[in-house]
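Data block below; observations after.
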Amino acid sequence: MRSKNKRKYTLFIATVIVLILFMVPFYMLVVNSFKSTAEFLKNPFALPQSLVLDNFFTAVERMNFGKSLFNTAFITVTAVAVNMIVTSMTGYLFARKKWKVNKIIFIAFLASMVAPFQVYMIPLVRIYAGLLGFSNNLMMVAYVAVGLNVPFAVFLYSGFVEGIPVELDEAALIDGCGFTRTFFYIIMPLLKPIIITVTVFVAMGVWNDFLMSSLFLTKTETKTLAIAIKTFLTNHSAEYAPMMAGLFLSVLPVLIFYLIGQKYIIEGVIAGSVKG
Amino acid sequence: MQGRKNSLSNVLEFSLFGLPSFVIWFSVVIIPFIYGLWITFTDWNGLALDIHFIGIENYRHILTDAAFLGAFAKTVIYAVFTVLLSNLMGFLLALVVTSGIKGQNLFRTGFFTPNIIGGIILGYIWNFIFSFGLTKIGEAAGISWMETSWLTNPTRALMALIIVSAWQMSGYLMVIYIAGLTAVPSELMEAASVDGATERQIVTQVKLPMIRGTIAICVFLSISRCFMSFDTNLSLTAGGPYKSTELIAYKIYQTAFTSMNFGEGQAQAIVLFVIVAVISLFQVYYTRKGRVDA
Amino acid sequence: MKRKIVSLLLTGVLSASLLAGCGANGGAKDESGKTASGKSGDVSISFYTTETGKDDMYQELISDFESKNPGIKVEYIAAGDDQLQQWMALYASNEGPTVSLMDPINIWENQERMRPLSGEAMLENVEEASLSTMTFNGKVYAVPMSAAGIGLLYNKKVCDEAVGGDFDPSTIKTRSDLKELFDKIEATGASATCITGVNWSLGSHYLCQTYGAAIGDTKARVDYVNSIISGETKEINNDVFNGFMDTLDLLVEYNYNKNDPLVGDVNLDAMALAEGKCGTWLMGDWAWTYMANLVQDGDEFGLMPVPHNDDPGDITNQYLPTSYAKGYCVDASQNSEEQQQAGLKFIEYITSDSHSQEAQAKRAGQALPFKNFSAEIDSPLGKSTASYISAGKTVDFYGTPSLCPSDIWYECGAYMCAYITGACDREKLASDIDAYWAAQDKREY
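Residue numbers (this note's numbering), protein chains in the order written: chain B, 1 to 276; chain D, 1 to 294; chain L, 1 to 445.
As structure tokens, then:
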């Protein structure tokens with residue numbers, strides 16, 4: 001018993017050390033948010049000499065923070081919500097119905113995940129912004145974000161559904177539930193951990209996305225946070241200190257979202273084990 | 001009669017469950033992709049008003065271009081190490097944070113934070129660590145090879161790229177491994193433990209086989225992310241020192257947007273796509289085939 | 001219960017933001033509708049700049065311009081470090097910027113979309129010497145932004161101490177003079193010089209001098225480059241190339257970053273020069289943007305050309321290469337005549353309005369090549385360039401927009417970086433650069 005405790009203790013210490021390694025860049029982000037750029041360059045690792053909030057004010061002002069935050073949140077929430085509904089359904093369909101057409105689409109999804117975005121980004125812009133006139137349209141960016149994340153999400157959902165015993169579906173069928181009802185009433189509640197996982201990934205990807213959204217959003221009033229942060233880049237260099245502050249502010253919402261999501265993943269786990 | 005009713009409901013089910021995803025994806029990925037494919041047969045520079053058809057000239061040039069092939073070889077080396085390291089780390093981290101360890105919530109969040117900060121900025125931060133942080137430690141400790149930046153030596157720069165990518169990706173994969181591990185029925189583990197299995201045996205003989213599907217997912221995701229790796233490459237090494245860490249996605253970007261050979265850049269991307277698609281489809285097919293169904 | 005509340009809240013937030021989003025979109029649509037169908041005097045144009053990090057300055061200038069030119073609205077679009085990609089995306093969206101501030105090579109490559117500016121009244125205000133880089137086939141396609149001096153920056157305090165008196169950069173007429181100065185600086189304990197080991201500095205600013213004034217006039221330069229492209233000339237046999245590389249060897253030997261030549265970071269190197277840890281620095285007058293916050297009052301800095309041989313009579317050792325690295329051009333392919341006219345007005349404002357000139361001189365600290373320019377330049381480096389210009393002691397860096405391809409900084413910059421670390425010798429360097437040229441199209445005058 002004692003040795004087991006000791007092992008647990010060592011494991012805990014080891015994990016803490018690994019955690020510290022993982023947190024170094026985050027530490028630098030936070031610490032340097034409070035420094036001047038000159039102080040940052042002198043020693044980016046040291047603690048700030050004084051707690052100056054100037055960088056945060058600069059960041060909020062120069063990034064047009066309120067508007068950018070709203071745009072980012074709007075795109076992310078829309079994309080995540082639409083993506084969650086359509087892809088979880090498709091994932092279920094693909095896991096349960098091994099039709100030929102489903103298999104073909106599934107393979108096409110997987111294949112498209114390894115297509116470099118550069119192959120279709122300029123054509124994408126030419127078609128939707130050039131031809132159809134959807135540049136600087138937040139809805140358009142959300143739509144593209146949904147599309148780009150379809151394969152990934154379907155892939156994760158179908159993989160997860162395959163782990164759910166098919167007997168559950170059969171039992172529901174006997175109880176008179178159709179395919180659709182089975183999904184929404186029986187399966188969807190079980191998907192909670194993976195929904196949170198996918199949501200975190202998609203939300204994060206969309207929130208931080210720069211390349212795709214920068215192709216569509218060029219006006220000041222449609223910029224997202226990831227685009228707005230570029231205001232601190234100068235030719236060949238950057239105003240590091242306010243950039244760090246701006247970045248810190250931009251990642252904060254995702255961090256909070258992830259923390260809340262974590263709680264739900266764990267809750268889902270407990271619910272699952274109780275049922276089991 | 002029965003058959004027709006069945007097929008009608010199949011069509012309905014497909015339209016409701018499959019079609020929306022398919023249509024959105026098709027319009028966003030496939031239509032532009034086909035357009036992009038056409039560009040690979042032209043000499044378009046990305047801006048010119050006229051586009052000239054030049055046949056397979058771009059492809060012919062790529063396959064004899066030493067710089068492109070070199071970038072490809074480097075990407076393979078990078079991908080092998082990064083995939084192995086990140087999956088190993090991701091799995092171990094997932095094991096630890098699902099073992100009921102104290103503060104597992106905090107750990108999960110902590111290990112994931114590298115992903116919350118985008119790749120570009122992370123690259124800049126790591127750039128400072130490798131160039132000016134580790135060198136200070138090297139000077140203080142008098143370790144001569146640590147006194148110069150990792151990023152100015154071709155071999156060490158590639159290692160730095162692998163380390164940063166593996167470090168970032170392992171937290172990402174950890175989240176998927178957690179989802180997989182929590183789906184393993186706890187009775188199985190209890191039964192094994194009652195039968196006297198050690199912790200190691202439970203991991204290798206119960207957990208690992210049960211999450212083969214998850215492993216397939218994670219390996220696939222990490223392979224594709226390695227071959228697409230761009231952000232970190234740009235901000236950590238920018239292909240340097242002297243183009244020695246130019247990975248394939250970065251090379252494509254440079255060809256298309258710095259040298260303004262847009263058609264050729266597109267063609268490089270298509271070649272990359274075909275190779276990676278073949279590798280990863282094989283990988284997914286084989287890993288999934290051997291999956292133990294729960 | 002708690003969970004229900006959370007999900008209810010989420011749903012509420014979601015639908016609210018959806019509604020708000022629709023509202024926002026609707027609003028945007030109305031706005032653009034207004035400009036299209038608004039009163040005939042209203043015209044909206046866009047301004048794309050690749051001169052980054054000056055967003056607040058440009059935005060302030062735009063609102064000043066708008067107040068002086070009622071009826072014209074200017075949309076401000078700034079590039080990141082991805083200037084060409086962003087430009088392509090704008091053109092792909094059919095939103096080609098009315099006015100773009102671009103590198104001359106990019107304007108040249110894209111000239112079919114551009115409006116020739118020859119004959120426009122505003123050109124009369126531009127120094128003739130600065131227009132050659134913006135002229136293709138006898139037509140002017142852009143107005144230069146500023147004159148950038150490229151060379152060795154020096155910290156006067158360090159150099160004064162080294163020479164034991166008042167350091168005069170004009171005494172450095174040859175490579176040997178430079179070596180002597182370097183030895184004297186090293187004797188004071190400071191590093192003699194500093195190279196920032198980055199591709200754009202070495203590949204563009206340094207290497208391209210070997211195709212520049214030392215070769216001859218514009219025609220001679222183009223002929224020289226074309227003979228490399230055709231394979232007739234090998235750079236390893238060229239005296240100018242070897243002369244510049246000999247000087248580079250000297251700089252490498254006395255480099256502040258000698259232990260790790262590629263660790264270069266402009267901010268840290270700027271700090272080294274500002275603090276006197278090194279006496280000189282291979283860069284250009286734009287470096288003031290990195291240095292301005294670091295220097296102490298009373299410290300003096302200046303700029304001098306890089307001597308590339310030992311001939312004291314060779315004027316290219318004493319004339320400062322000035323580059324007109326960016327120019328304002330007007331798009332004619334996706335902008336209406338009305339928008340183009342407004343774009344011309346905007347360029348005229350930016351280049352000739354005294355408020356605009358003052359703002360630019362203050363911020364960038366570079367000399368502006370405009371005849372009515374009278375604003376005070378804060379930057380000692382910019383003043384240094386201006387003094388070379390007023391003394392007539394400058395040479396045009398390129399002379400023609402198409403001399404060096406747009407990716408030379410990246411491709412050949414890598415070879416140059418390898419060279420300064422000793423990873424390759426000069427022969428390999430020269431043959432790699434020859435091979436790079438061999439894949440290029442022939443250059444035109």
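Cβ atoms here follow ideal geometry from the backbone N, Cα and C, with glycine treated the same way.
Please read all numbers here as calculations on a predicted model, not as lab measurements.
So, at 8 Å on beta carbons, what are the nonlocal neighbours of residue i in its own chain, with the 5 sequence-adjacent residues on each side left out?
{"i": "residue 270 of chain B", "result": "With a pLDDT of 46 at residue 270 of chain B, under the threshold of 50, the modelled position of this residue cannot be trusted; read the value that follows with caution. Contacts found: none."}
{"i": "residue 109 of chain B", "result": "150, 151, 154 and 155"}
{"i": "residue 252 of chain L", "result": "195, 258, 261 and 420"}
{"i": "residue 273 of chain B", "result": "The predicted model places residue 273 of chain B with a pLDDT of 38, which falls under 50 and marks its position as unreliable; any figure quoted below should be read in that light. Result list for residue 273 of chain B: empty, nothing under 8 Å."}
{"i": "residue 8 of chain D", "result": "none"}
For residue i versus residue j, is the C-beta distance shorter than 9 Å?
{"i": "residue 72 of chain D", "j": "residue 279 of chain D", "result": "no"}
{"i": "residue 45 of chain D", "j": "residue 262 of chain D", "result": "yes"}
{"i": "residue 33 of chain B", "j": "residue 248 of chain B", "result": "yes"}
{"i": "residue 241 of chain B", "j": "residue 65 of chain B", "result": "no"}
{"i": "residue 169 of chain L", "j": "residue 282 of chain L", "result": "no"}
{"i": "residue 326 of chain L", "j": "residue 131 of chain L", "result": "no"}
{"i": "residue 458 of chain L", "j": "residue 75 of chain L", "result": "Look at the range of chain L in this structure, 1 to 445, and you will see that residue 458 of chain L is not part of it."}
{"i": "residue 54 of chain D", "j": "residue 65 of chain D", "result": "no"}
Excluding the five sequence neighbours on either side, which residues of its own chain have a C-beta within less than 6 Å of the C-beta of residue i, listed in chain order?
{"i": "residue 56 of chain B", "result": "245"}
{"i": "residue 91 of chain D", "result": "177"}
{"i": "residue 182 of chain B", "result": "169 and 172"}
{"i": "residue 351 of chain L", "result": "143 and 370"}
{"i": "residue 282 of chain D", "result": "none"}
{"i": "residue 32 of chain L", "result": "Interpretation of residue 32 of chain L is limited by its pLDDT of 35, a score under 50 that renders its predicted location unreliable; the figure taken from the coordinates is listed afterwards. Contacts found: none."}
Between the options, which lies nearest to residue i when the distance is taken from Cα to Cα?
{"i": "residue 101 of chain D", "options": "B:19, B:83, B:8 and B:102", "result": "B:8"}
{"i": "residue 149 of chain D", "options": "L:197, L:406 and L:415", "result": "L:197"}
{"i": "residue 236 of chain B", "options": "L:75, L:244, L:273 and L:269", "result": "L:269"}
{"i": "residue 51 of chain D", "options": "D:38, D:87 and D:286", "result": "D:38"}
{"i": "residue 75 of chain B", "options": "B:121, B:34, B:28 and B:145", "result": "B:145"}
{"i": "residue 152 of chain D", "options": "D:165, D:130 and D:164", "result": "D:130"}
{"i": "residue 51 of chain B", "options": "B:31, B:69, B:59 and B:37", "result": "B:31"}
{"i": "residue 202 of chain B", "options": "B:15, B:143 and B:128", "result": "B:143"}
{"i": "residue 205 of chain B", "options": "B:79, B:262 and B:62", "result": "B:79"}
{"i": "residue 201 of chain L", "options": "L:408, L:141, L:226 and L:108", "result": "L:408"}
{"i": "residue 437 of chain L", "options": "L:219, L:382, L:208 and L:285", "result": "L:208"}
{"i": "residue 99 of chain L", "options": "L:178, L:295, L:151 and L:113", "result": "L:113"}
{"i": "residue 215 of chain B", "options": "B:96, B:129, B:84 and B:19", "result": "B:129"}
{"i": "residue 415 of chain L", "options": "L:226, L:426 and L:337", "result": "L:426"}
{"i": "residue 76 of chain D", "options": "D:256, D:266, D:246 and D:285", "result": "D:246"}
{"i": "residue 136 of chain B", "options": "B:72, B:254 and B:97", "result": "B:72"}
{"i": "residue 310 of chain L", "options": "L:127, L:173 and L:50", "result": "L:173"}
{"i": "residue 17 of chain D", "options": "B:68, B:96 and B:89", "result": "B:89"}
{"i": "residue 449 of chain L", "options": "L:217, L:138, L:226 and L:192", "result": "In the structure displayed, chain L extends from 1 to 445; residue 449 of chain L sits before or after that span and is not available."}
Going along the chain, which residues of its own chain have a beta-carbon closer than 7 Å to the beta-carbon of residue i, five neighbours each way excluded?
{"i": "residue 386 of chain L", "result": "367 and 377"}
{"i": "residue 37 of chain L", "result": "For residue 37 of chain L, the pLDDT reaches just 35, beneath the cut-off of 50, and the residue's location in the model is therefore unreliable, although a value from the coordinates is still provided. Once the five neighbours on either side are set aside, residue 37 of chain L has no close Cβ partner at all."}
{"i": "residue 229 of chain L", "result": "437, 438, 440 and 442"}
{"i": "residue 23 of chain L", "result": "Bear in mind that a pLDDT of 36 at residue 23 of chain L, under 50, signals an unreliable position, so the model cannot answer this."}
Check the Cβ-Cβ distances between residue i and every residue of chain A, and say whether any is below 9 Å.
{"i": "residue 261 of chain L", "result": "Protein chains B, D and L are contained in the structure displayed, whereas chain A is not."}
**Q.** Positions along the stretch 363-382 of chain L whose CB lies within less than 8 Å of some CB in chain B
**A.** none
Q) What residue ranges within the stretch 101-160 of chain L form continuous beta strand (DSSP E) runs of no fewer than 3 residues, ordered along the chain? A) 148-155
**Q.** Members of the stretch 231-261 of chain B near chain L, C-beta cut-off 9 Å
**A.** 231, 232, 233, 234, 235, 236, 237, 238, 239, 240 and 260
Q. Using a beta-carbon distance cut-off of less than 7 Å, what residues from the stretch 16-44 of chain B approach chain L?
A. 38 and 41
Q. Mind listing which residues of the stretch 118-135 of chain B have their C-beta closer than 7 Å to chain L's C-betas, in chain order?
A. 122, 125, 126, 129, 130 and 135
Q. If contact means a Cβ-Cβ distance below 8 Å, which residues of the stretch 73-86 of chain D contact chain L?
A. none
Q. If contact means a Cβ-Cβ distance below 9 Å, which residues of the stretch 203-218 of chain B contact chain L?
A. 210, 211, 214, 215, 216 and 218
Q.
For a minimum of 4 consecutive residues, which ranges assigned as the alpha helix (DSSP H) are wholly contained in the stretch 139-186 of chain D?
A. 154-182
Q) Quick one, which residues of the stretch 264-294 of chain L are near chain B if we go by CB-CB under 7 Å, in chain order? A) 266, 267, 268, 271, 289, 290, 293 and 294
Q: Select from the stretch 139-157 of chain L all residues with a C-beta closer than 9 Å to any C-beta belonging to chain D, and list them in chain order.
A: none
Q) Name the residues in the stretch 73-89 of chain L whose C-beta lies less than 9 Å from a C-beta of chain B; which are they? A) 75, 76, 77, 78, 79, 80, 81, 82, 85, 86, 88 and 89
Q) Using a Cβ cut-off of 8 Å, which residues of the stretch 51-67 of chain B contact any Cβ in chain L, in chain order? A) 62
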